[in-house]
Structures are given as C-alpha cells and as structure tokens.
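One structure below.
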Amino acid sequence: MEDHINVAIRVRPLNQRELRSTAAAQTSLPWLVQRDTITQRTHADGRAATGNSFTFDRVFDQAESTRSVYDNVVKSIIGSSMGGFNGTIFAYGQTSSGKTHTMHGSSSEPGIIKQAVEEMFDIVARDTSREYLVRVSFLEIYNEVLRDLLEPTRTNLKIHETAKREIFVGDLSEHIVFNPAQVEEILLKGDRNRHIAGTNMNERSSRSHTIFRMVIESREKIADGAGEDGEPGSKRQQQQQRLSTSSLASTDEFTGAVMVSCLNLVDLAGSERVGHTGAEGQRLKEGAHINKSLLALGSVIARLSEDGGDRGHIPYRDSKLTRILQPSLGGNARTLIICTITPSADYIDEALSTLKFASRAKTICNTPEVNEELRGDALLRRLKRASELEKEVAQMREIERKKIKIEADNEALLRQLWKSQKERERLQHELALQQRKVFLPVAAGADGVGGTRRQTWFPGLQAPLADGAPGDAEPMDTDGAANDGGGPDEPGAMAGLYRTAMGQVAELKAQNEALQKQHSQTDRRGRDTQIALERLVREHDLLLATLSQLAEAEAVPPSPARGPADTASPRELALIRRKIRALMRTIEASQKQCQKFRAQRPEAEFLELELQAARETLAQR
Ligand code: ADP
Ligand code: MG
Numbered sequence: 001m002e003d004h005i006n007v008a009i010r011v012r013p014l015n016q017r018e019l020r021s022t023a024a025a026q027t028s029l030p031w032l033v034q035r036d037t038i039t040q041r042t043h044a045d046g047r048a049a050t051g052n053s054f055t056f057d058r059v060f061d062q063a064e065s066t067r068s069v070y071d072n073v074v075k076s077i078i079g080s081s082m083g084g085f086n087g088t089i090f091a092y093g094q095t096s097s098g099k100t101h102t103m104h105g106s107s108s109e110p111g112i113i114k115q116a117v118e119e120m121f122d123i124v125a126r127d128t129s130r131e132y133l134v135r136v137s138f139l140e141i142y143n144e145v146l147r148d149l150l151e152p153t154r155t156n157l158k159i160h161e162t163a164k165r166e167i168f169v170g171d172l173s174e175h176i177v178f179n180p181a182q183v184e185e186i187l188l189k190g191d192r193n194r195h196i197a198g199t200n201m202n203e204r205s206s207r208s209h210t211i212f213r214m215v216i217e218s219r220e221k222i223a224d225g226a227g228e229d230g231e232p233g234s235k236r237q238q239q240q241q242r243l244s245t246s247s248l249a250s251t252d253e254f255t256g257a258v259m260v261s262c263l264n265l266v267d268l269a270g271s272e273r274v275g276h277t278g279a280e281g282q283r284l285k286e287g288a289h290i291n292k293s294l295l296a297l298g299s300v301i302a303r304l305s306e307d308g309g310d311r312g313h314i315p316y317r318d319s320k321l322t323r324i325l326q327p328s329l330g331g332n333a334r335t336l337i338i339c340t341i342t343p344s345a346d347y348i349d350e351a352l353s354t355l356k357f358a359s360r361a362k363t364i365c366n367t368p369e370v371n372e373e374l375r376g377d378a379l380l381r382r383l384k385r386a387s388e389l390e391k392e393v394a395q396m397r398e399i400e401r402k403k404i405k406i407e408a409d410n411e412a413l414l415r416q417l418w419k420s421q422k423e424r425e426r427l428q429h430e431l432a433l434q435q436r437k438v439f440l441p442v443a444a445g446a447d448g449v450g451g452t453r454r455q456t457w458f459p460g461l462q463a464p465l466a467d468g469a470p471g472d473a474e475p476m477d478t479d480g481a482a483n484d485g486g487g488p489d490e491p492g493a494m495a496g497l498y499r500t501a502m503g504q505v506a507e508l509k510a511q512n513e514a515l516q517k518q519h520s521q522t523d524r525r526g527r528d529t530q531i532a533l534e535r536l537v538r539e540h541d542l543l544l545a546t547l548s549q550l551a552e553a554e555a556v557p558p559s560p561a562r563g564p565a566d567t568a569s570p571r572e573l574a575l576i577r578r579k580i581r582a583l584m585r586t587i588e589a590s591q592k593q594c595q596k597f598r599a600q601r602p603e604a605e606f607l608e609l610e611l612q613a614a615r616e617t618l619a620q621r
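In this note's numbering, the protein residues as written are 1 to 621.
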C-alpha cells in the first residue's frame, strides 16, 4: 500500500513584538489560511503576490489549538502505530515558529506528544483482545553527535543497520513504560539533561534535533479463548494454534505473532538558515556547517520528491538525522510533517521556504506495512516468561526483604538482651556496694572487730566485686542461682539472706574471740605454774638436802670432848632451831603456793603430798 507523506501547516499567532510591528506598519498579514490551503498575499518587499497558493492535508491558522492539530492529523497515525505500522511525526520550520510548542507543548497547552501518549495508553486499556509493551528512548542530535538524553553519560552514539536493513542507534537506553505519568517524567528528565548540556540553551535548542521514540509491541491474548467477535475459531486464532504447535515455535515461551512498531516524534532544529537558497548561498553554506542534518533532510526530501516512485540513490547517509529517519522517509512508515510558520511580514521568506519544503515532502510516497514478527527479538515474545520471572523476582525480593527484617529484628533483640544483662549486672553491682555500705559496719561494730579485719573475714564479698566473678557469699552469686531465675532476684530477699549470713559470721567471730582469750589465759597460767613448779622443785631439793644433813648429824657419835647428844651446847641447838624455823616458813610458803595450783595441776597435789609428808616428818622431829 502506497501512502503519501502527510503534510500539515501550522501558522502560529503573532507574538507581542510582531503584533506591535504589524500594527505600526498598518499592514495585514501576508498569508491567507483556508482549510487546507495557504496563500501568499504579499511579498517580502510589500508587493502583492498572486498565484502563490499551497495545498496540504491541512493548514491550521493562528486560532487553532494543538488539540485540533492532534485530532485532525496526528490521531490517525497514533492509531496505526498501535496497529503495527511505523509512524513518524516531525515539526519543521524556522526558529520560534512553534515546533516545540506543537510537539512538546508549553505551560499554556499540552503538545501532541503528551496527547499521543495518553491516547496510546487509552487504547492499551480499552483493547481487551491484545496485550502491549511500550518502551521509549529520547535522543538529541547536536552538531552530528548523538546523545542519550535519558542517560547523559552515553554520548557519541553510533547508528547501526541489521541484516534485515533495520536501523537502530547502538547503546541508546530504552525504558519500558506503563502509564502516561512515567512518560511525562522521562520527557522532563530528557529536557533537563538537554538544558544542562547546553551552554546557551536557546542557541542549542534552535540547532539541535530531538527524537522521542516509542516502540510498541503487541500480541493477541491467547488465554481468552475467543476472538473479539466471540467466535472461538477465528482465522487468527487458528493461525496461532497452528503456530503454537509448530516445531519451530515450540521452544518459544510465547508462540503468537508479535506486532512491533516505532513511533518517532521529532522536534527539529530551526530551518531558517537552510531555507535560504540561490543568491543567499553563503548563508546556506553557513547553515550546512551549523546543521548538516537539516541540510541533508532537505536534500533527501528534494531527492525523494524529484524521483517520485523511482527510488534511486537517496543520500540518507549524509547525516545522522536522515539515517535514523530513513525508514520514515520513503520507507516503511506513515509520516506526518507539521511545518510551522510565523505569519509576520518580517519572515515572509522563511515561511515561503518552509512551504516549498512542505510541498516537496508531500509528493513523497511511503509504503507502510504492518510489522509482524513470528520469531525475532520482540520483547513481547518474551513477555509472558518475563512477567513470570518478574513475579518470581518480586516474590524473592519479598522473601529477601522479610529475611532482612527478621535479621534486623533479631539483632535489635540481641542488642536489647545484651543491654538488659549489662543493666542487671550494673544493678547487682550497685546493690552489692549499697549492702557493703549498710551491713559491713554493723557487723564490725557488733562484734568489735576493727575495719582491717573485714578483708580477712569477708574475702568472698570482696573478690566478686572486684572482678565480677561469682563469689562464695550467696548474695554475691551474680552468675549463679540468681541468673537462673532460682536465686534471690529481689534486692530485699538478697538483703535478708545477707543479714542472716552476717549474723552467723558474727557469732562465729565471737566464739573464736572467746576461745582465743581463754587460750591466752591458759597459756599465762601454764607459764606461772611452770615457774612455781620449778621453785617448788628447788625448795623440795633443798628440804631433802637439809633432812639428809639432819639424818647424818644424828648418826655421828658424840665426841668425847662434847659429851652425849642431848647434852649439845646451847649454841648448836639455837642454830638448828633457826634452820628449822626457816624451813618451816619455806614449807608454809610452798604449801600456800601448792594450794593455789591444786585444782589445776596434779603435780601440785603431788608436791603438797610430799610437803605434807615432809611436814609430818618435821613435826615428828
Ligand atoms: P520553535 O521550537 O519553533 O523554535 P517555539 O515552539 O519555542 O518555537 O515557540 C516560540 C514561542 O512562540 C514560544 O513562546 C511558544 O509558546 C510560542 N508559540 C508557538 N506556537 C504557538 C501557538 N500555536 N500558539 C501560541 N503560542 C505559540
Ligand atoms: Mg524549539
């Protein structure tokens, strides 16, 4: 099916400056717009023009909105793009003639891209028989350099051609979109990146081209089991049934035919310099230098229009723009060119140049056809599997998310537990300190033990406080029964236990003190007894010696000079009596001493008996 390129003209309203200038010159506009015709009324030098009339698919005057442009010339191309035809819409015209306003819109009214996107997603939502996948890319051509506006680091992109002579831009990012809001966001992002790149935005935007590309894939829904008309055995379904059981298709996740189409929405650079020809060749040269792509576009259009149906060599490769748009210009696409003009008398030549370009373009014929793929790279072919995988991935992510949360919760609990343990230890430590302050002085005071002895008496209390290890004293057993839940958790209970233990300790201390006292007393007594005994032994020896002396004296025969014994001299008797009295005193003293120790020492009794015997002996004397 052959199809002419659609060409529409849009005349924008005069701006404030142009309005003032027109009013000052008291001139009427140089263009007369009718439904599909635009006629030149005056030349640039003010002379009346006759016979310069151009007819297009549609001419929109200043009063018509972008919505009107969309409804009249854009909508059908969007519809066919959704139906598998490639489509290209581009705005061509001098700088400030309204290209960007028409394509991208402004704050005052939405552009055709926004309206097209909304319509596309409307179609997706309405179409119950097909499922769709839409992906977008956004690139800029500036000074013959291709740049990805959605991934600004990707610059100087290259154009490639597949074996099937399909043209694509390598490394250009594509983004799958599911609703108009996502597309809007992507367009804004691209626009921001374009702004950042330009040192002079106005300069750049008037000399660079942008191509917003949407790739639409669709296929019939097999699961429904019936066609749109409700008849289960429609031709298409039969075809799909056949395909799905064919050996070729059996390895595919999805076996139906997939329609893949591209819609290019192009906002071109300003054409004013290129538009000047002939005598103004110098400007043409400048234009060529400034924008090779735009010049090449003019050449391609001119060539295609000259050749008519006979396709000779077309210089698509002369520029990046024409190379990318090759399938849309004289190829497999439905193409619309919206030529925008400024109706001011100041720009008659520029508008004329645009109209001539548009006239040439409208003669070009394309041969658009539905792009159906039975096998190939269509993303949608893998969509079913992809969506299954997506579900799996989503489930795995959910599981992973839960796992991470549980781990985080566990960690938080462990931290809390650790903190609680630390707090518990701290409290126990504090409690122990308090108990030491309160109870130890009481215990020390009760039994009179000095502070220095506490270290000796309570080693079990001191040690655990110093190193935190379990101590001997029950209240200090921080790691033992108390931690197992079986010990005295309550400070009051611990204090009670502690008091009991302290009472027992004090009692033992008192007993020990008493024993020690007793022991030292016994010691002292023992020493005294020892001394006394030694003295008694000495006296006893002396007494025995005296007695034996006396015995010897009795056995000595009286000397002839002294006479018989009872006749001893008075001096001798007096001496003996003194000795006996001295002995008697000694014996009495010893006797007293013996009485004193009698109860304690059997030796004393023995001595006493001996003394008694000695006294009796003496008494007998
Ligand atoms: P271009 O992209 O062709 O250089 P713009 O689209 O940026 O020009 O338009 C230049 C100015 O004219 C902008 O301020 C735009 O809002 C305004 N303008 C263009 N076309 C129209 C229109 N049809 N209606 C109202 N304002 C317009
Ligand atoms: Mg612009």
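The beta-carbon is built from N, C-alpha and C at its ideal position, and this holds for glycine as well.
| query | Counting along the chain, where does the beta strand (DSSP E) carrying His101 start and finish? | reply | Within the sequence shown, numbered from 1, the residue matching residue 101 stands at position 101. No beta strand (DSSP E) contains His101, which is instead part of the alpha helix (DSSP H) from Lys99 to Met103.
| task | Have a look at Arg213, Ile301 and Thr22 and flag the residue whose alpha-carbon is nearest the alpha-carbon of Leu172. | result | Here residue 172 is taken as the residue at index 172 of the sequence shown, counted from 1. Closest by alpha carbon: Arg213.
| task | Would you mind listing the beta strand (DSSP E) stretches within the stretch 136-163 that are 3+ residues and don't spill past its ends, in chain order? | result | Runs found: 145-148 and 159-161.
| said: Taking the straight line between their C-alpha atoms, what separation do you get for Ala63 and Asn264? | reply: Residue numbering aside, residue 63 sits at position 63 when the sequence shown is read from its first letter. Residue numbering aside, residue 264 sits at position 264 when the sequence shown is read from its first letter. The alpha-carbon atoms of Ala63 and Asn264 are separated by roughly 27 Å.
| said: Just list the residues that DSSP pairs Gln40 with in beta bridges. | reply: Counting from one through the sequence shown, the residue named residue 40 turns up at place 40. For Gln40, the pairing in a beta bridge is given by DSSP as Trp31.
| task | Take Glu118 and list the residues in its own chain whose beta-carbon comes closer than 7 Å to its own, dropping the five residues that flank it on each side. | result | Residue mapping note: residue 118 aligns to position 118 of the sequence shown, counting from 1. Same-chain partners within the cutoff: Pro180.
| query | So is the beta-carbon of Arg12 under 7 Å away from any non-hydrogen atom of the ligand ADP? | reply | Position 12 of the sequence shown, counted from the first residue, corresponds to residue 12. Correct: Arg12 has its Cβ closer than 7 Å to the ligand ADP.
| Does the stretch 180-191 come close enough to the stretch 97-115 to have 3 or more Cβ pairs within less than 8 Å? | Counting Cβ pairs under 8 Å, three or more are found: they touch.
| Leu417 burial status per 10 Å Cβ neighbour count (16 or more: buried) | Translated into the one-based positions of the sequence shown, residue 417 becomes position 417. An exposed status is given to Leu417, since fewer than 16 other beta-carbon atoms sit within 10 Å of its beta-carbon.
| query | Which of the three DSSP states, helix, strand or coil, is assigned to His331? | reply | Taking the first residue of the sequence shown as 1, we reach residue 331 at position 331. In the sequence on display, residue 331 carries Gly and not His. In the structure shown, Gly331 falls within a coil segment according to DSSP collapsed to helix, strand and coil.
| request: Assuming Phe56 and Lys362 form a contact by the criterion Cβ under 8 Å, report the distance between their Cβ atoms to the nearest whole angstrom. | output: Looking up residue 56 in the sequence shown gives position 56. Looking up residue 362 in the sequence shown gives position 362. Under the criterion of beta carbons closer than 8 Å, Phe56 and Lys362 qualify as touching, at roughly 6 Å.
| field | Leu188 versus Cys339 - alpha carbon distance | value | Stepping through the sequence shown from its first residue, residue 188 is reached at position 188. Stepping through the sequence shown from its first residue, residue 339 is reached at position 339. If you take the alpha carbons of Leu188 and Cys339, they lie about 24 Å apart.
| task | Can you give me the Cβ contacts of Ile314 inside the same chain, cut-off strictly under 7 Å, excluding the 5 residues immediately before and after it? | result | Residue numbering aside, residue 314 sits at position 314 when the sequence shown is read from its first letter. Cβ within range, chain order: Val300, Arg303, Leu304 and Gly330.
| query | My guess is that Pro343 and Leu29 are in contact by the Cβ rule of under 8 Å, so how many angstroms apart are they, rounded? | reply | The sequence position of residue 343 within the sequence shown is 343, counting from 1. The sequence position of residue 29 within the sequence shown is 29, counting from 1. Contact flag correct, Cβ pair sits at about 5 Å.
| Through-space distance from Gln16 to Ile159, alpha-carbon basis | If you number the sequence shown from 1, residue 159 lands on position 159. If you number the sequence shown from 1, residue 16 lands on position 16. If I take the Cα positions, the gap works out to 42 Å.
| Between which two residues does the beta strand (DSSP E) containing Gly93 stretch? | Reading the sequence shown from its first residue, position 93 is the one you call residue 93. Unbroken beta strand (DSSP E) run through Gly93: Gly87 to Gly93.
| Heavy atom of the ligand ADP within 7 Å of Ser305 beta-carbon | By one-based count along the sequence shown, residue 305 stands at place 305. It does not: the Cβ of Ser305 is nowhere closer than 7 Å to a heavy atom of the ligand ADP.
| task | From the DSSP output, in three-state form, read off Thr55 for me. | result | Position 55 of the sequence shown holds residue 55. Strand.
| task | Can you tell me which of the three DSSP states Ile348 falls into? | result | Taking the sequence shown and counting its residues from 1, the one referred to as residue 348 is at position 348. Of the three classes helix, strand and coil, the one that applies to Ile348 here is helix, per DSSP.
| With a cut-off of 8 Å, do at least 3 Cβ pairs link the stretch 78-95 to the stretch 119-130? | Cβ pair count under 8 Å is three or more, so yes.
| query | Among the residues of its own chain, which have a CB less than 6 Å from the CB of Gln94, if the five just before and after it don't count? | reply | Working through the sequence shown from its first residue, we reach residue 94 at position 94. Apart from sequence neighbours up to five positions away, the residues of its chain that approach Gln94 with a beta-carbon distance below 6 Å are Gly270, Ser271, Glu272 and Glu350, ordered along the chain.
| Quick one: what does DSSP say His313 is sitting in, helix, strand or coil? | Reading the sequence shown from its first residue, position 313 is the one you call residue 313. Looking at His313 - three-state DSSP - the assignment turns out to be coil, as it is neither helix nor strand.
| said: Between which two residues does the beta strand (DSSP E) holding Phe168 run? | reply: Walking along the sequence shown from the start, residue 168 turns up at place 168. Note, Phe168: beta strand (DSSP E), Ile167 to Val169.
| query | Closest by CA to Ala358, which one among Val59, Tyr70 and Ala48? | reply | Your numbering for residue 358 matches position 358 in the sequence shown. Minimum Cα distance to Ala358 is reached at Val59.
| Looking only at C-alpha atoms, which of Val134, Gln591, Ala495 and Leu325 sits nearest to Leu533? | Here residue 533 refers to the residue found at position 533 when the sequence shown is read from its first residue. Leu533 has its Cα closest to that of Gln591, out of Val134, Gln591, Ala495 and Leu325.
| query | Cβ atoms of Val215 and Arg126: under 8 Å apart, would you say? | reply | In the sequence shown, counting from the first residue as 1, residue 126 sits at position 126. In the sequence shown, counting from the first residue as 1, residue 215 sits at position 215. The answer is no: Cβ separation not under 8 Å.
| query | Which of the three DSSP states, helix, strand or coil, is assigned to Ala432? | reply | For this step, residue 432 is matched to residue 432 along the sequence shown. In the structure shown, Ala432 sits in a helix (DSSP, three-state: H, G or I).
| Since Arg334 and Asn366 are thought to touch, with beta carbons under 8 Å apart, how far apart are those beta carbons, to the nearest angstrom? | Locating residue 334 in the sequence shown gives position 334, where the first residue counts as 1. Locating residue 366 in the sequence shown gives position 366, where the first residue counts as 1. Between Asn366 and Arg334 the Cβ distance is about 7 Å, and since that is below 8 Å, they are a contact.
| said: In the DSSP output, which residue or residues are listed as bridge partners for His519? | reply: Indexing the sequence shown from 1 puts residue 519 at position 519. When DSSP reads this structure, His519 sits in no beta bridge, so it has no partner.
| request: Quick one: give me the first and last residue of the beta strand (DSSP E) that Ile5 is part of. | output: By 1-based counting over the sequence shown, the position of residue 5 is 5. Counting along the chain, Ile5 falls outside any beta strand (DSSP E), and DSSP gives it neither H nor E.
| Extent of the continuous alpha helix (DSSP H) to which Val69 belongs | Reading the sequence shown from its first residue, position 69 is the one you call residue 69. Residues Thr66 to Val69.
| Which residues share a DSSP beta bridge with Pro110? | To locate residue 110, count along the sequence shown from 1; it is residue 110. Partner(s): Gly105.
| request: Consult DSSP for Arg12 and reduce its assignment to one of helix, strand or coil. | output: Here residue 12 is taken as the residue at index 12 of the sequence shown, counted from 1. Note: Arg12 maps to coil in three-state DSSP.
| query | What three-state label does DSSP hand Leu543 in the structure shown? | reply | In the sequence shown, the residue the question calls residue 543 occupies position 543. Helix at Leu543.
| Through-space distance from Ser206 to Pro110, alpha-carbon basis | Your numbering for residue 110 matches position 110 in the sequence shown. Your numbering for residue 206 matches position 206 in the sequence shown. Spanning the two alpha carbons is a distance of roughly 20 Å.
| query | Between Leu336 and Leu294, is the Cβ-Cβ spacing less than 8 Å? | reply | The count along the sequence shown starts at 1 and reaches residue 336 at position 336. The count along the sequence shown starts at 1 and reaches residue 294 at position 294. Here Leu336 is not near Leu294, since their CB atoms are 8 Å or more apart.
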